[in-house]
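> Line by line, the protein sequences are chains W and R.
Take 1 as the starting number for the first sequence in the numbering used here and just add one per residue.
Take 242 as the starting number for the second sequence in the numbering used here and just add one per residue.
We put the CB at the ideal spot given by N, CA and C, even for glycine.
Protein chains: 2
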Amino acid sequence: MSDLHHPRQNHLLDALLSAEYDRLFPELELVHMPLGKVLYESGEHLKHVYFPTTCIISLLYVTENGSSAEIAVVGNEGILGVSIFMGGDTTPSRAVVQSDGYGYRVKAHIIKNEFNLAGPVLRLLLRYTQALITQMSQTAVCNRHHSVEQQLCRWLLLSQDRLSGNELIMTQELIANMLGVRREGVTEAAGKLHHAGLIDYSRGHIKILDRPKLERRVCECYHVVKVEYDRLLPSLHAIAR
Amino acid sequence: MSDLHHPRQNHLLDALLSAEYDRLFPELELVHMPLGKVLYESGEHLKHVYFPTTCIISLLYVTENGSSAEIAVVGNEGILGVSIFMGGDTTPSRAVVQSDGYGYRVKAHIIKNEFNLAGPVLRLLLRYTQALITQMSQTAVCNRHHSVEQQLCRWLLLSQDRLSGNELIMTQELIANMLGVRREGVTEAAGKLHHAGLIDYSRGHIKILDRPKLERRVCECYHVVKVEYDRLLPSLHAIAR
DNA sequence: TTACGTCTGTACGATGCCGCACTTAGACGC
DNA sequence: GCGTCTAAGTGCGGCATCGTACAGACGTAA
Chain W
1 MSDLHHPRQN
11 HLLDALLSAE
21 YDRLFPELEL
31 VHMPLGKVLY
41 ESGEHLKHVY
51 FPTTCIISLL
61 YVTENGSSAE
71 IAVVGNEGIL
81 GVSIFMGGDT
91 TPSRAVVQSD
101 GYGYRVKAHI
111 IKNEFNLAGP
121 VLRLLLRYTQ
131 ALITQMSQTA
141 VCNRHHSVEQ
151 QLCRWLLLSQ
161 DRLSGNELIM
171 TQELIANMLG
181 VRREGVTEAA
191 GKLHHAGLID
201 YSRGHIKILD
211 RPKLERRVCE
221 CYHVVKVEYD
231 RLLPSLHAIA
241 R
Chain R
242 MSDLHHPRQN
252 HLLDALLSAE
262 YDRLFPELEL
272 VHMPLGKVLY
282 ESGEHLKHVY
292 FPTTCIISLL
302 YVTENGSSAE
312 IAVVGNEGIL
322 GVSIFMGGDT
332 TPSRAVVQSD
342 GYGYRVKAHI
352 IKNEFNLAGP
362 VLRLLLRYTQ
372 ALITQMSQTA
382 VCNRHHSVEQ
392 QLCRWLLLSQ
402 DRLSGNELIM
412 TQELIANMLG
422 VRREGVTEAA
432 GKLHHAGLID
442 YSRGHIKILD
452 RPKLERRVCE
462 CYHVVKVEYD
472 RLLPSLHAIA
482 R
């Protein structure tokens, strides 16, 4: 188990210099994140921040009439629970495990203390938060202007970026909930992508066959966000100085 | 002039205790913000942060094909240029003056220094940033699920919240650009609101006649964001401790 | 007053997505 | 092997918004 899982699989933890990492290490708790688990509800007080390693988390907004929309995803590139150090403690969003896996969690007050030292951890977390802001903003634009098919491409690419392999465990129904569209719309879009040889799927298993073509078919929103993540969080130790 | 304009017309500046306020005061520069002025372009390095007092700023994302969408508005409750202290220095969005007025600006390095003191100013700015995140997220949901008419109501209410009077200087064409919809869609929605006696308008002048009814017709998105702003930024000195 | 530009109203077919209903096809347990 | 459940495919009418085009109304400046 301890060979398979390591905190540095999370890019933010990996970007820390040893002083900060060593301080945080004893506080890290490995947790399994089963598909569908709700890590926090809208308005709920957060007790932990989560550093995903092999799982993916969806940030969902749910409307009064029950429909929903994913506004951002968090995987091993990020951290869940920014409102803890931003000072709000809660957010109006719901966090759901979108892809089964593992992650590390840290008690809220621990990360707050570290943040309040106003050192490299603060700078790193804020830069990540800005990248997250970009993702949310671009999602707003994408919801307005782009087709279900383009958004499905975006969603597939975002997911694969946060996974090791090329297979996703995810039904069309769940994807529809994430994107905030009908299940049939996803079926139709997925059918086109399948026909074009970009993906393969069956009963909740999706295989990405031709990523380059997917990247050509996706709307700009995917690339804009990716570029911004790369700019704000160049991998490894570069950020923390 | 100096009677008409005062930094404390901006709620964030007003929330500062005297020590921080006095430090910042000599650095504040009053600037006029004419309608349509672009305060920064997507990807541009920001030289100042802006504290609006009587103007309103729109944060717009522009797509490759030229269509756009407003993802947040900033008025006297906020600050423009969070990417400066978040550490990114640039964002993929464009900031445009949506309503003529005034504001104060501060050079980027000044606000960075203040932020890096890790005192009340940092805490205040981060709380504001979290409120902004909520606004962006809710905009994403609204773009997905709600009608043009509901979004127009939201837009009108957001604008009036940031102004003193009940009249907006804004054509339907410009509103359409903000919302990322057709001008005709706005005409139709505005026609309904006019017919119902909620607003009056003519050639770029919009009067809000019945705000309570507007609030009943708007989608939840407006209220969710308002509640979150009020929670995170309870007025005046309460926040900065 | 006239001419021009801007703002607003209206019409119409096209399109993409919705809501609903029903079918088909794998997966799984007994 | 059989029923059952869940995932995915299909069909159809309805609706909101789009794209385009044009007409009227108002304001301003010559």
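Taking contact to mean 3 or more Cβ pairs, one atom from each stretch, closer than 8 Å, check whether the segment 63–81 of chain W and the segment 3–23 of chain W are in contact.
In this structure the segment 63–81 of chain W touches the segment 3–23 of chain W; the number of beta carbon pairs closer than 8 Å is three or more.
> Over what stretch of residues does the beta strand (DSSP E) that includes D200 of chain W continue unbroken?
Mapped onto the first sequence, residue 200 of chain W falls at position 200. Note, D200 of chain W: beta strand (DSSP E), 199–202.
> So, using beta-carbon positions, are L60 of chain W and R94 of chain W closer together than 7 Å?
Taking the first residue of the first sequence as position 1, residue 60 of chain W is located at position 60. Taking the first residue of the first sequence as position 1, residue 94 of chain W is located at position 94. The answer is yes: Cβ separation under 7 Å.
> Taking only the alpha-carbon atoms, compute the straight-line gap between F265 of chain W and L124 of chain W and give it to the nearest angstrom.
The structure shown does not extend to residue 265 of chain W, since chain W is modelled only from 1 to 241, so the question has no answer here.
> Taking CB distances under 7 Å as the criterion, tell me whether I320 of chain R reaches chain W.
Counted from its first residue, the second sequence places residue 320 of chain R at position 79. No, no contact with chain W.
> At the 7 Å Cβ level, is I71 of chain W part of the contact set with chain R, yes or no?
Numbered from its first residue, the first sequence carries residue 71 of chain W at position 71. At least one chain R Cβ lies under 7 Å of I71 of chain W.
> Can you name the residues that DSSP bridges to R346 of chain R?
The residue you call residue 346 of chain R lines up with position 105 of the second sequence. R:E270, R:Y291.
> Take every Cβ of the segment 338–353 of chain R, pair it with every Cβ of the segment 294–309 of chain R, and state whether three or more of those distances are shorter than 8 Å.
yes
> Mind checking which residues open and close the alpha helix (DSSP H) that includes Q379 of chain R?
Within the second sequence, the letter at position 138 stands for residue 379 of chain R. Its alpha helix (DSSP H) spans residues 361–386.
> Determine, using beta-carbon pairs with one atom in the segment 390–409 of chain R and one in the segment 419–434 of chain R, whether at least three such pairs fall under 8 Å.
yes
> Starting from H48 of chain W, find everything on chain R with Cβ-Cβ shorter than 7 Å and list it in chain order.
By one-based count along the first sequence, residue 48 of chain W stands at place 48. Under the 7 Å cutoff, chain R gives no residues; its nearest Cβ is about 18 Å from H48 of chain W.
> So E268 of chain R packs on K353 of chain R, CB below 8 Å; how close in whole Å?
Start at 1 with the first residue of the second sequence, and residue 268 of chain R comes out as number 27. Start at 1 with the first residue of the second sequence, and residue 353 of chain R comes out as number 112. At roughly 12 Å, the Cβ-Cβ gap does not stay under 8 Å, so E268 of chain R and K353 of chain R are not in contact.
> At a Cβ cut of 9 Å, what residues of the segment 77–107 of chain W count as close to chain R, listed as they run along the chain?
V82, S83, F85, M86, G87, G88, T90, T91, P92, S93
> Could you tell me which residues DSSP pairs with V62 of chain W in its beta bridges?
Translated into positions along the first sequence, residue 62 of chain W becomes position 62. Answer is W:S68, bridged to V62 of chain W.
> Given that a residue counts as buried once 16 or more other Cβ atoms are within 10 Å of its Cβ, and exposed if not, what is I169 of chain W?
Taking the first residue of the first sequence as 1, we reach residue 169 of chain W at position 169. Around the beta carbon of I169 of chain W, a 10 Å sphere encloses fewer than 16 other beta carbons of the protein chains shown; the residue is thus reported as exposed.
> If the cut is a Cβ gap below 8 Å, which residues of chain R does R127 of chain W touch?
As a working mapping, residue 127 of chain W is identified with position 127 in the first sequence. Near R127 of chain W (Cβ distances below 8 Å), the residues of chain R are M327, G328, G329.
> Which residue's Cα is closest to the Cα of T304 of chain R: W:L39, W:Q138, W:Q130, W:N65?
Along the second sequence, one-based indexing puts residue 304 of chain R at 63. The residue with the shortest Cα to Cα distance from T304 of chain R is W:Q138.
> Check the Cβ-Cβ distances between Q130 of chain W and every residue of chain R, and say whether any is below 7 Å.
As a position in the first sequence, residue 130 of chain W is number 130, starting the count at 1. Yes, because at least one Cβ of chain R sits closer than 7 Å to the Cβ of Q130 of chain W.
> Pull up the DSSP beta-bridge partners for R94 of chain W, would you.
Sequence index remark: in the first sequence, residue 94 of chain W carries index 94 (1-based). In DSSP, R94 of chain W forms a bridge with W:L60.
> Does the segment 397–407 of chain R touch the segment 456–474 of chain R, meaning 3 or more C-beta pairs lie closer than 8 Å?
Contact annotation: the segment 456–474 of chain R touches the segment 397–407 of chain R, with at least three C-beta pairs closer than 8 Å.
> Just verifying my parser: in three-state terms, what is the DSSP assignment at I449 of chain R?
Here residue 449 of chain R refers to the residue found at position 208 of the second sequence. Strand.
> What residues in its chain sit with their C-beta under 6 Å from that of V148 of chain W, if we drop five residues either side in the sequence?
Sequence index remark: in the first sequence, residue 148 of chain W carries index 148 (1-based). Cβ within range, chain order: V181, G185, A189.
> In the DSSP assignment, find the unbroken alpha helix (DSSP H) run with V323 of chain R in it and report its ends.
For the purposes of this step, residue 323 of chain R is taken as residue 82 along the second sequence, with counting starting at 1. Unbroken alpha helix (DSSP H) run through V323 of chain R: 323–327.
> Name the chain R residues whose beta carbon is nearer than 7 Å to that of G180 of chain W?
Translated into the one-based positions of the first sequence, residue 180 of chain W becomes position 180. Ordered by position in chain R, the residues that pass the 7 Å Cβ test against G180 of chain W are R385, H386.
> Using a beta-carbon distance below 7 Å, is E41 of chain W in contact with chain R?
Residue 41 of chain W sits at position 41 when you count from the first residue of the first sequence. False, the Cβ-Cβ gap to chain R never drops below 7 Å.
> Can the beta-carbon of V225 of chain W be found closer than 7 Å to that of Q130 of chain W?
Mapped onto the first sequence, residue 225 of chain W falls at position 225. Mapped onto the first sequence, residue 130 of chain W falls at position 130. Not closer than 7 Å, so no.
> Indicate whether at least one CB of chain W lies closer than 7 Å to the CB of S308 of chain R.
Start at 1 with the first residue of the second sequence, and residue 308 of chain R comes out as number 67. With 7 Å as the cut-off, S308 of chain R counts as an interface residue toward chain W.
> Who are the near neighbours of Y281 of chain R in its chain, counting only those whose CB is closer than 6 Å to its CB and skipping five residues on each side?
Translated into the one-based positions of the second sequence, residue 281 of chain R becomes position 40. Taken in chain order, the residues that qualify are L287, A336.
> Excluding the five sequence neighbours on either side, which residues of its own chain have a C-beta within less than 8 Å of the C-beta of F25 of chain W, listed in chain order?
Here residue 25 of chain W refers to the residue found at position 25 when the first sequence is read from its first residue. For F25 of chain W, where only same-chain residues beyond five positions count, the Cβ hits under 8 Å are P7.
> What is the rounded straight-line gap between the Cα of S259 of chain R and the Cα of M274 of chain R?
Taking the first residue of the second sequence as 1, we reach residue 259 of chain R at position 18. Taking the first residue of the second sequence as 1, we reach residue 274 of chain R at position 33. Looking at the two C-alpha atoms, the distance is approximately 27 Å.
> In chain W, which residues lie less than 8 Å from Y302 of chain R when you measure between Cβ atoms?
Residue 302 of chain R sits at position 61 when you count from the first residue of the second sequence. Here the neighbours are S137, Q138, A140, V141.
> Going along chain W in order, which residues have a C-beta closer than 8 Å to the C-beta of V465 of chain R?
Translated into positions along the second sequence, residue 465 of chain R becomes position 224. Going along chain W in sequence order, the residues near V465 of chain R (Cβ under 8 Å) are P92.
> When DSSP labels each residue in this structure, what does S400 of chain R get in the three-state scheme?
The residue you call residue 400 of chain R lines up with position 159 of the second sequence. Looking at S400 of chain R - three-state DSSP - the assignment turns out to be helix.
> Which residue marks the beginning of the beta strand (DSSP E) containing V38 of chain W, and which one marks its end?
For the purposes of this step, residue 38 of chain W is taken as residue 38 along the first sequence, with counting starting at 1. Looking at the DSSP string, the run of the beta strand (DSSP E) that includes V38 of chain W is 38–40.
> Would DSSP call V422 of chain R helix, strand or coil?
As a position in the second sequence, residue 422 of chain R is number 181, starting the count at 1. Residue state, collapsed to three classes: coil.
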